[in-house]
Structures are given as structure tokens and as C-alpha cells.
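Inspection log for the structure reproduced underneath, given as C-alpha cells.
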Amino acid sequence: MTAAETADRFDPRAIQSKWQQRWAAMDIFSADDDPADPRPRTYLLDMFPYPSGDLHMGHAEAYALGDAMARYYFLRGHNVLHPIGWDAFGLPAENAAIRNNTHPADWTYANIEVQAASFRQYGVSFDWSRRLQTCDPDYYKWTQWLFLRFYERGLAYRADGYVNWCPVDQTVLANEQVIAGKCERCGSEVVRRVLTQWYFKITEYADRLLADMAALEGKWPDRVLLMQRNWIGRSEGAEVAFQIEARDDPVTVFTTRPDTLYGATFFVVAADSPLAAELCAPEQQSALSDYVAEVRKLTDIERQSADREKTGVFLGRHAVNPVNGERIPIWAADYVLPDYGTGAIMAVPAHDQRDLDFARVFGLPVRVVLDTDSPDPAVTGVATPGAGTLVNSGPLDGLSKQAAIARIIEILAERGLGRGAVNYRLRDWLLSRQRFWGAPIPIVYCDGCGEVPVPDDQLPVVLPDLRGQELAPKGASPLAAATDWVATECPKCGGPAKRDTDTMDTFVDSSWYFLRYCSPSFEHGPFEVEAVRRWSPVNLYVGGVEHAILHLLYSRFFVKVLHDMRMVDFTEPFTALVNQGQVINHGKAMSKSLGNGVNLGEQLAAHGVDAIRLTMIFASPPEDDIDWADMNPDALVKFLGRVARVAADVAAAPAARAGAADPAAGDPDLRKVTHRTIDEVTRLVEATRLNVAVARLMELVSAARRTIDSGPGGGDPAVREAAEALAVMLSLFAPYTAEECWEILGHEPSVAQAGWPTADPALVVQDTVVCVVQVDGKLRDRLEVPASVGADELRALALASAPAERALAGRGVRTVIVRAPRLVNIVSS
RNA sequence: GGGGCCGUAGCCCAACGGCAGGAGGCACAGGAUUUAGGUUCCUGGCAGUGUGGGUUCGAAUCCCACCGGCCCCA
Numbered sequence: 008m009t010a011a012e013t014a015d016r017f018d019p020r021a022i023q024s025k026w027q028q029r030w031a032a033m034d035i036f037s038a039d040d041d042p043a044d045p046r047p048r049t050y051l052l053d054m055f056p057y058p059s060g061d062l063h064m065g066h067a068e069a070y071a072l073g074d075a076m077a078r079y080y081f082l083r084g085h086n087v088l089h090p091i092g093w094d095a096f097g098l099p100a101e102n103a104a105i106r107n108n109t110h111p112a113d114w115t116y117a118n119i120e121v122q123a124a125s126f127r128q129y130g131v132s133f134d135w136s137r138r139l140q141t142c143d144p145d146y147y148k149w150t151q152w153l154f155l156r157f158y159e160r161g162l163a164y165r166a167d168g169y170v171n172w173c174p175v176d177q178t179v180l181a182n183e184q185v186i187a188g189k190c191e192r193c194g195s196e197v198v199r200r201v202l203t204q205w206y207f208k209i210t211e212y213a214d215r216l217l218a219d220m221a222a223l224e225g226k227w228p229d230r231v232l233l234m235q236r237n238w239i240g241r242s243e244g245a246e247v248a249f250q251i252e253a254r255d256d257p258v259t260v261f262t263t264r265p266d267t268l269y270g271a272t273f274f275v276v277a278a279d280s281p282l283a284a285e286l287c288a289p290e291q292q293s294a295l296s297d298y299v300a301e302v303r304k305l306t307d308i309e310r311q312s313a314d315r316e317k318t319g320v321f322l323g324r325h326a327v328n329p330v331n332g333e334r335i336p337i338w339a340a341d342y343v344l345p346d347y348g349t350g351a352i353m354a355v356p357a358h359d360q361r362d363l364d365f366a367r368v369f370g371l372p373v374r375v376v377l378d379t380d381s382p383d384p385a386v387t388g389v390a391t392p393g394a395g396t397l398v399n400s401g402p403l404d405g406l407s408k409q410a411a412i413a414r415i416i417e418i419l420a421e422r423g424l425g426r427g428a429v430n431y432r433l434r435d436w437l438l439s440r441q442r443f444w445g446a447p448i449p450i451v452y453c454d455g456c457g458e459v460p461v462p463d464d465q466l467p468v469v470l471p472d473l474r475g476q477e478l479a480p481k482g483a484s485p486l487a488a489a490t491d492w493v494a495t496e497c498p499k500c501g502g503p504a505k506r507d508t509d510t511m512d513t514f515v516d517s518s519w520y521f522l523r524y525c526s527p528s529f530e531h532g533p534f535e536v537e538a539v540r541r542w543s544p545v546n547l548y549v550g551g552v553e554h555a556i557l558h559l560l561y562s563r564f565f566v567k568v569l570h571d572m573r574m575v576d577f578t579e580p581f582t583a584l585v586n587q588g589q590v591i592n593h594g595k596a597m598s599k600s601l602g603n604g605v606n607l608g609e610q611l612a613a614h615g616v617d618a619i620r621l622t623m624i625f626a627s628p629p630e631d632d633i634d635w636a637d638m639n640p641d642a643l644v645k646f647l648g649r650v651a652r653v654a655a656d657v658a659a660a661p662a663a664r665a666g667a668a669d670p671a672a673g674d675p676d677l678r679k680v681t682h683r684t685i686d687e688v689t690r691l692v693e694a695t696r697l698n699v700a701v702a703r704l705m706e707l708v709s710a711a712r713r714t715i716d717s718g719p720g721g722g723d724p725a726v727r728e729a730a731e732a733l734a735v736m737l738s739l740f741a742p743y744t745a746e747e748c749w750e751i752l753g754h755e756p757s758v759a760q761a762g763w764p765t766a767d768p769a770l771v772v773q774d775t776v777v778c779v780v781q782v783d784g785k786l787r788d789r790l791e792v793p794a795s796v797g798a799d800e801l802r803a804l805a806l807a808s809a810p811a812e813r814a815l816a817g818r819g820v821r822t823v824i825v826r827a828p829r830l831v832n833i834v835s836s
């Protein structure tokens with residue numbers, strides 16, 4: 008390519024297939040597992056995709072970002088692990104299989120191949136040799152193995168749990184599939200139903216999941232840490248035992264406000280809890296069961312909504328307030344959830360809004376026990392949850408809220424009626440799914456031996472070959488219909504046994520995949536301990552904020568368990584985290600129903616890979632959303648043309664060959680810009696401020712253009728220096744154009760192996776700077792001063808400034824603020 | 001209802017508490033090149049930082065309130 012040939016608009020698409028082929032033949036981005044490799048190791052991880060079809064705009068942004076960071080570390084000479092795989096189990100494959108009368112694997116693997124091809128076209132620097140798919144038996148074998156280790160440690164257990172059940176579709180629905188209490192698919196009313204389910208005991212790790220976040224501070228986005236803290240939801244308070252009339256055992260409640268115990272005027276149990284049924288007096292049983300039938304139609308979110316009119320049923324029984332012996336009525340209501348705390352609460356209507364709303368509906372007493380200087384809640388209907396001074400509370404009277412909490416816990420503890428306690432919002436992780444396309448739970452049930460884990464040497468428990476209508480929901484997991492598969496023999500006694508017919512939540516698969524990448528074909532365990540020790544934890548994890556809570560929390564949980572098993576020597580999997588924003592269109596998330604989707608393939612075809620990647624990077628800070636309607640990829644096509652033209656002008660100049668001329672002989676102004684740009688871009692990339700880094704590259708291109716056009720021409724060694732630095736730095740974002748430029752400049756491919764340019768400190772420092780002279784904070788003069796100027800000298804220079812003197816207008820000088828060498832502020836008296 | 005984030009030219013975005021010659025780009029206008037309203041190169045205008053207080057020698061930046069938008073929990 009010569010300057011003449013690029014006279015027309017540069018077309019970055021023209022060089023793509025040439026470089027795709029040449030890169031495919033070169034092994035550039037493989038991580039070196041040799042323990043003796045002396046290079047620093049960097050593990051750069053992109054969240055792996057779900058193969059729902061081809062890559063979309065969101066992928067384009069996320070992988071452009073991760074790839075820029077990976078390529079940076081490659082160029083810095085690190086031994087980089089930048090793997091790719093697929094989160095390949097999940098419901099969409101199952102639905103597609105039912106629709107098309109095929110096997111979910113057909114759809115899954117076909118989509119994976121489409122995405123893999125798109126990744127290669129997109130020029131992402133993956134180590135393809137480590138590719139994995141969570142639906143491969145030699146992957147889910149180890150998911151099952153890990154389940155069994157959790158089981159052995161008592162961290163996996165079976166219990167009854169509530170699920171959203173659609174009576175028409177005969178299936179369990181995820182919370183997201185329940186819209187306003189109705190089934191998303193058929194519109195029928197969803198009910199809550201009890202099923203026996205497997206759980207991981209993540210609550211046992213709640214305190215560690217919370218405490219270890221201190222190490223992530225500043226390296227993970229603040230809002231993600233905040234979301235995780237809120238999700239874990241630690242609250243301090245007390246457990247208080249209430250005697251129940253005509254019952255031997257007391258019922259314990261958790262409260263964050265034990266100070267208001269004297270204000271408890273009634274007691275509420277979750278209507279649909281076993282406790283409600285047990286406590287209910289015989290004459291109220293039918294009222295309760297009618298009520299429970301209504302409650303089961305509601306989702307948790309509706310039940311806890313503050314706007315809903317409170318409902319409930321009196322159970323015909325009373326509890327006894329342990330501090331004052333008062334008889335308080337026991338009610339069943341839906342605003343208390345059966346699986347939160349103990350499923351029962353003490354109600355203090357004066358100081359809790361939901362309790363007050365309930366009390367006002369049913370005419371229950373409201374007793375103020377905390378003077379907060381606010382109007383009486385019984386009159387206003389507004390509870391007073393704030394701080395104040397205790398009243399009507401016996402020994403607590405006169406104490407502050409904080410002091411009363413401490414005192415009442417002492418009193419309760421002395422009398423054996425309660426104790427200080429911590430409660431977490433976090434629930435155990437329900438991992439059973441009544442689905443086919445997931446990892447089977449490796450447990451069998453034997454009439455004689457009960458629940459028996461599948462021995463390690465019988466793993467994997469491979470999915471049976473079901474397809475099409477066999478996967479349609481029929482009231483139980485599709486696996487239950489595979490009777491030949493279900494029937495097995497008990498590993499313990501050899502007698503007849505049945506397999507568990509549920510599969511694991513796909514979040515289990517994704518909670519350890521980053522460990523598998525370190526030794527993807529290891530056959531003696533989920534990962535080779537030494538390989539993980541070398542590569543982990545992940546240095547930088549890039550992915551969407553939609554995983555801010557569950558995936559990241561589950562992965563952190565897994566690593567902590569593995570740490571306790573002594574299989575890893577760290578406790579946090581991801582040292583640093585970057586959440587890229589969403590790509591939206593006209594202010595809204597892209598969706599089929601809005602019809603505002605933008606097709607990535609069409610964008611790539613229209614503008615080329617480099618321009619799309621660069622648009623994604625340049626649009627905004629990585630964590631901000633990109634509104635595609637505001638973007639103009641052609642602007643970046645133009646920029647790529649400017650870069651290519653600089654390279655072409657260098658190559659067209661007869662004198663200069665690669666490595667032939669000393670840059671020191673070139674234009675000194677351009678050299679300063681080049682080295683300052685290298686310095687700045689380096690720091691910007693390390694801070695993932697990539698949009699600003701691109702702006703700096705644009706400035707460097709303009710500076711090179713100025714030098715070329717103003718006389719020295721493309722033959723000036725400083726122009727070559729600039730063009731070479733540009734090609735390398737640009738390769739983070741626009742690998743095709745960068746590679747082409749590198750070749751034009753006379754170098755062997757690949758630019759990915761060229762090494763990151765080094766800034767010459769002598770060229771980065773400025774010898775003179777402009778010093779601003781202010782009078783009372785207003786700009787009055789500028790002085791060109793040596794960068795090394797002393798404070799006293801600068802003060803004298805500023806005071807001698809004529810414009811400053813004029814601005815002072817004869818007033819005296821009270822003080823002078825000197826910030827050498829940039830600023831002097833003269834404050835008048 | 002609780003918690004958090006964000007408001008800078010027509011648009012996307014920069015600015016260790018210190019010059020808004022706005023870093024960069026889009027769009028727009030003008031000029032040069034050109035057969036060309038296309039390409040390339042050059043030049044230019046456009047905001048005073050959502051509003052009102054406060055802290056400070058100095059505030060887009062820190063604090064408070066309000067307005068508007070977004071996110072998480074409920």
C-alpha cells in the first residue's frame with residue numbers, strides 16, 4: 008500500500024482475511040505452562056459466554072476490553088493466560104431441542120462453533136488450546152466430583168423448599184419467569200409448592216464472604232462490593248424465646264430491635280410455614296388453610312411489598328412476652344416469609360411500619376416504647392423506627408436505643424430467654440433444577456441404604472440420550488422419564504436403587520471454570536493443584552455487571568471451600584474486576600419486543616472489525632453504557648485510515664528503512680509527543696482508562712501528520728519512531744490495522760510480539776511550563792518558567808507581573824499561595 | 001421505603017481541589033486539494049460544569065438540600 012493507493016477512503020475490511028489466515032498459522036497467544044518460564048504470569052479472564060446464538064453487541068464490547076488488556080500484558084512480555092470456553096448447559100438449549108425435535112447438544116455445539124468462528128474473526132487473543140465446554144462429560148465429571156466433596160463436608164444437603172410451580176406447564180419456574188404472579192409462558196396463576204431440593208450451605212461462609220471483601224476494596228468496583236454486602240445482608244440483633252400457651256417448647260424469633268421488646272403487642276408467623284399449621288387452634292384451621300391457598304399464589308416480592316393491604320388470620324392462640332409476661336395474640340400473615348429467620352416475628356407496631364399497617368387493619372394495640380419526638384404512630388399511622396429514649400419499658404426506661412439493645416440482651420441472657428445474635432439475609436443456595444440439560448446430581452436412593460453418593464470411580468454420571476418431546480415438562484424432571492437410566496444399583500449394598508433425577512443449577516458449572524483453564528485436560532481431578540498455584544488467582548476478570556451478585560458470590564464461595572480442602576492456597580478467585588457497561592440503543596436495552604436490536608455481524612460487515620472494536624473502546628469509560636445510536640463507527644474508520652497513511656508515508660520515503668535511522672536525528676517536537684504519549688498510554692491502559700488512551704493515540708497521529716506535511720516528511724526518523732509506537736499501541740484495540748502498519752513499516756509479523764514501546768524519560772519531562780498567576784483566584788497572567796523553578800523565585804516573578812499588579816489595584820497583598828511550578832495565587836487584603 | 005451512582009457545548013466524552021485557550025471524537029460552518037456536494041488536509045464557532053447554599057486563597061471536583069436520570073435491596 009502506498010500513499011497514492013490510500014488516497015481513497017481506507018477500508019480496514021480489506022486486510023482482515025489475509026491476517027486471519029496468517030495469524031492462524033502462528034502460535035502467538037499460548038500460555039506457557041513450563042514452571043521454569045521466567046516471565047511474570049498474568050491471568051486475564053473474560054467471563055465465558057453462553058452459546059445462545061452468534062456473538063452480539065454486548066460481547067463485542069466485553070471482549071474488545073478484555074482483549075486490549077490481554078494484548079497489553081503480552082506486549083509487556085508477560086506469560087499471559089487468556090483462555091476461552093463456553094457456559095454450555097442451560098434451559099434455552101432444552102427449549103430449542105423440544106421445538107426442533109433434536110438433542111440440546113446439537114443446538115449447543117452448533118452455536119459454540121458459530122461463536123468460536125466469530126471470536127477468531129474478531130481477532131481476540133485467546134489461547135485456543137485450553138477451550139472448555141461445561142456440558143462436556145469430562146468437564147461435568149468434575150462438577151459432580153466437587154458436589155460430592157461438598158456433600159462429604161456437610162456443605163450439600165437435601166431439604167424441603169418452596170418453588171414457583173406452574174400447574175398448567177407442570178414445571179418449576181425461576182423467579183424471573185413469574186410475572187405479576189402469573190406464568191410467563193401460559194399466563195396461569197403460579198402457586199408455591201414444596202419440593203425436596205438440594206442446597207449448598209453457603210450461609211456457613213457468610214461471615215467470610217463478607218470479611219474477605221476488604222481485600223477487594225479498590226480493585227473491584229465499589230458498587231459490586233456494595234451489592235454483595237447488601238445481598239449477604241448481615242444484621243445484628245437478638246434471638247428472643249417466646250413461650251406459647253399450651254405448648255412445651257418456646258418459639259424463637261430474631262429481631263434487630265430487641266430494645267422495643269416491651270412494645271411487642273402481637274406475634275406473627277408466616278402463614279405458609281409448618282409452624283403456623285402447628286400453632287393454629289382447631290377452630291381456626293379452615294380459615295388458615297383458605298388463607299394459605301391465597302398466599303401461595305403470591306411471589307416473595309409481592310408478599311413483601313409495602314403498598315399491599317395487609318392480610319392475616321388470627322390463630323386462636325397466644326404467646327407470652329418474656330419480659331413482661333403479657334399475653335399477645337398469634338397471627339398468621341403473608342408479610343413474614345417462612346424461610347427467613349425462624350419464620351416468626353415479634354410485632355412492634357409503634358416502631359415498625361409493616362407491623363403498624365397490620366395492627367391498624369386488625370385493630371391491634373400500638374404501644375410506644377421509644378420516645379423519638381415524633382407524633383404518636385397510633386394516630387398518624389407512621390411508625391417511628393429511629394433513635395430515641397426508652398419509655399414504658401421497665402428496666403430500660405431512660406436508656407438510649409443503643410444502650411437499651413445492649414442492656415436487654417444482658418437481661419435476656421441472664422434469664423436464659425435469649426441472646427445476642429447475627430442474622431444474614433443470604434439464604435442457602437438452592438441448586439436442584441428439574442431440567443435435563445445440566446450436570447446430573449450424583450446421588451442415588453436405595454430403599455435399604457437411603458441417600459448414597461455415587462463413588463468417584465463411577466463418575467461422570469452421564470446424561471441419558473433424550474431429545475425432542477422427551478424433554479417437554481411433565482411435572483417432574485425430564486430425567487425421571489428415562490426409567491432405564493434412573494434404575495441403577497446401590498453402590499453400597501448392590502440392591503436396586505434410583506438416581507436423583509434433578510440436575511445442578513448452571514451457576515455450579517461456572518463457579519470453578521476459571522480453575523479448570525489452568526489444566527484443562529487434567530484427568531486426576533478438577534484441576535492440577537500446581538498449575539492453579541502458578542496461574543491463580545485471576546489477575547483481572549472482565550465481564551458484565553449482571554453477574555455482580557450471584558456468579559461472583561458463588562465463585563468466591565467455591566474458592567473458599569476449596570481453600571478449606573487445601574486444594575488452592577488463596578481465598579479470593581478474582582484479584583481485580585472490571586464490569587463493562589451495556590450496549591444499548593436509543594436509551595434502552597436492546598430487545599426483540601422493542602425492535603431496537605443491532606446485529607453485530609452487520610456492523611462488522613459494514614465497518615470492519617477494527618472500527619467496531621475501536622468504537623466500543625473509544626465510546627466511553629469501560630464501565631459506562633454505550634448508546635449505539637450515538638456512535639459513528641465511520642469516525643473510527645477515518646482514524647484508522649489516518650494511522651495507515653502515516654505508516655504508508657514512512658514506507659514511501661526512500662531513505663528510511665526499519666532500524667536504519669537514529670530517531671534522535673528526527674524532529675524533536677514530534678519525539679516529545681511520541682514519548683509523552685507512550686508514557687501516558689501506558690498508565691491509562693493499566694488503569695483501564697482505554698477511551699482516554701485512544702484519544703492520546705489520535706493526538707499522536709495528528710502530531711505525526713503535522714511533521715510529515717510541514718516539511719520533514721515521512722523520511723524523518725522521528726516520524727518512523729512515532730509510526731512504529733503507534734502500530735504497537737494501536738494493536739491493543741485494532742489488531743488488523745496495526746498488523747498491516749507493522750508490515751508496511753518493514754517488520755516481520757506479528758506486531759503482537761513487537762514488545763511494548765518504552766518512553767525515554769528525558770523526552771517526557773518538560774523543561775519549561777506555563778505558570779498561571781491568579782489574583783484572588785481569578786486568572787490574571789501566564790508566565791513561561793523553567794519546570795524546576797523554586798517557590799520563592801516564582802513568587803517574586805508573579806508579584807512582578809504587570810497584569811497582576813493592575814488587578815490588585817493598589818490593594819495590599821495578604822498572602823501568596825505558591826504551587827510551583829504551575830500556579831501562584833495572590834490574595835489581596 | 002432504604003442504600004448507591006451520575007448530571008460539563010447539539011451529541012459521545014476529558015480535566016492530582018489549581019488555566020474550562022475543553023484532551024479526543026461526532027455533527028455543523030469555512031478554506032485548500034479535486035471533474036466532484038465524495039476523499040484528504042487545514043481552520044473555526046459553540047458550554048462555564050442541573051439548581052441553591054456551604055467549606056476553601058481557590059470548587060466541575062469536597063459537604064448539605066433540591067431537581068432530573070440510572071442501579072441494587074425492599
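In case it helps, this note's numbering puts the first sequence at residues 8 to 836. Even for Gly, the Cβ is constructed at its ideal location relative to N, Cα and C. Values in this document were obtained by computation on a predicted structure and should not be read as measured data.
The C-beta separation of I22 from Y743 comes to about 5 Å, placing the pair in contact by the 8 Å criterion. Scanning its chain for C-beta atoms nearer than 8 Å, with the 5 sequence neighbours on each side dropped, one finds around A245 the residues F261, T262, P265, I412, I415, I416, L419, G425, R426, G427 and A428, in chain order. Residues T49, L51 and V87 of the same chain have their beta carbon placed closer than 7 Å to that of Y80, with the five preceding and five following residues left out of the count. Residue pairing by DSSP puts W227 in a beta bridge opposite E224. Following the DSSP letters along the chain, one finds I824 inside the beta strand (DSSP E) bounded by residues V820 to R826. For Y524, the secondary structure class from DSSP, reduced to helix, strand or coil, is coil. V461 sits close to P498, with the two beta carbons spaced by under 8 Å. Of the residues assessed, E159 falls on the exposed side of the cut-off, its CB having fewer than 16 other CB atoms within 10 angstroms.
Two segments are said to touch when three or more pairs of C-beta atoms, one from each, lie closer than 8 Å; by this definition the segment 574-581 does not touch the segment 610-624.
In the three-state DSSP reduction, F273 falls in the strand class (E or B).
With respect to the 8 Å criterion, A759 and L82 are classified as neighbours on the basis of their beta carbons. Judged by DSSP secondary structure, W338 falls outside any alpha helix (DSSP H) and instead within the beta strand (DSSP E) spanning R334 to A340.
For N331, there is no enclosing beta strand (DSSP E), as DSSP marks it with neither H nor E. In the three-state reduction of the DSSP assignment, N107 falls in the helix class. For Q250, the enclosing beta strand (DSSP E) starts and ends at R241 to I251. CA-to-CA, the gap between R29 and Q441 works out to about 47 Å. The shortest CA-to-CA distance from I352 to any of V275, N331, A385 and I335 is the one to V275. Between Y269 and S562, the alpha-carbon positions lie close to 44 Å from each other.
Between the segment 692-711 and the segment 749-756 there are fewer than three C-beta pairs closer than 8 Å, too few to call the two in contact. Judged by their CB atoms, K645 and D435 are not nearer to each other than the 8 Å cut-off. DSSP places E791 in the uninterrupted beta strand (DSSP E) bounded by K785 to P793.
Between the C-alpha atoms of N118 and V493 there is a straight-line separation of about 30 Å. Rounded to whole angstroms, the separation of the alpha carbons of D41 and P503 is 49 Å.
The segment 209-223 makes no contact with the segment 388-407, as fewer than three CB pairs between them are under 8 Å. I685 and D774 have their C-alpha atoms roughly 18 Å apart.
In the DSSP assignment, no residue is bridged to K148. The criterion of a C-beta distance shorter than 8 Å is satisfied by K408 and L377. For P810, same chain residues with a beta-carbon under 6 Å away, outside a window of 5 residues either side, are R787 and D788 in chain order.
In this structure the segment 198-206 lies against the segment 162-179, because at least three pairs of beta carbons, one per stretch, are closer than 8 Å.
In the DSSP assignment, P768 falls within the alpha helix (DSSP H) that extends over P768 to V771.
Buried is the label assigned to M597, since at least 16 other Cβ atoms lie within 10 Å of its Cβ.
In the same chain as V650, and ignoring 5 residues on each side of it, the C-beta atoms closer than 7 Å to its own belong to V708, L733, L737, T744 and C748, in chain order. In this structure the segment 510-526 lies against the segment 547-565, because at least three pairs of beta carbons, one per stretch, are closer than 8 Å. The beta carbon of L153 is closer than 7 Å to those of W519 and P533 in its chain, skipping five residues each way along the sequence. In the pairwise beta carbon analysis, the segment 464-481 is classified as touching the segment 92-107: at least three pairs are separated by under 8 Å. For the segment 43-130, the full-length beta strand (DSSP E) segments reaching 3 residues or more read 48-53 and 86-88 along the chain.
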